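Colleague: Just so you know, UniProt numbering puts 7 at position 7 of the sequence shown, and the rest follows in order with no gaps. A single structure is presented below for examination.
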Amino acid sequence: MNKTIPPLPQFNSTKRNETLALIHGVYAGILSFSMVVFIYLEYQHQSADITILSIALIVILALIYFNIKTCLKVKLGDGAGRNLSRVMAVFMLLSFPIGTVLGAIALWKTSNKQWEN
């Protein structure tokens with residue numbers, strides 16, 4: 001009985017755009033935390049109309065979804081991820097002060113010199 005160990009598979013170990021993917025992941029986490037705090041505070045005070053509250057939650061959930069999607073596409077290094085990252089970075093710029101810094105870094109990392117295909 002010949003017991004030989006098969007060779008290890010060759011994985012693509014090149015890491016592309018890790019900083020940019022991390023920025024989008026961190027921003028999705030910040031949005032998730034802010035959504036939980038928003039729901040908790042609204043539950044305590046009950047000051048907003050349910051339609052306005054649901055619209056705000058849908059917008060926050062959409063931003064979280066697209067940031068996670070951007071994070072995954074940026075790691076692949078394709079052009080769609082780059083374009084989606086630029087759009088999400090513009091939305092990040094509106095979230096002063098942390099989102100502004102993260103959005104500026106994200107726009108810089110999607111430039112021609114910084115992007116890794």
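Glycine residues also receive a C-beta, built at the ideal position from the N, C-alpha and C atoms. Quick caveat: nothing in here was measured; it's all calculated off a predicted structure.
Answer with yes or no whether the minimum CB distance from F96 to chain B is below 8 Å.
Modeller: You won't find chain B in this structure, because it holds only one protein chain.
Colleague: Quick check: L31 and I58, are their CB atoms within less than 8 Å of each other?
Modeller: no
Colleague: DSSP on I23, reduced to helix/strand/coil?
Modeller: helix
Colleague: Roughly how many angstroms separate the alpha carbons of L93 and K15, rounded to a whole number?
Modeller: 26 Å
Colleague: What residue range does the alpha helix (DSSP H) around N17 cover?
Modeller: It is not in any alpha helix (DSSP H) - N17 carries neither H nor E in the DSSP assignment.
Colleague: Tell me which residue opens and which closes the alpha helix (DSSP H) that K73 is part of.
Modeller: 50–76
Colleague: Run through DSSP, which three-state label would K109 get?
Modeller: DSSP places K109 in the helix class (H, G or I) of the three-state scheme.
Colleague: Locate the alpha helix (DSSP H) running through N83, then write down its first and last residues.
Modeller: Counting along the chain, the alpha helix (DSSP H) containing N83 begins and ends at 79–93.
Colleague: Shortest alpha-carbon distance to S85 belongs to which of P7, V26, F33, K69?
Modeller: K69
Colleague: Which of helix, strand or coil does DSSP assign to L41?
Modeller: helix
Colleague: Smallest Cα separation from E18: which of Y43, F96, K75?
Modeller: Comparing Cα-Cα distances from E18 to each of Y43, F96, K75, the minimum goes to K75.
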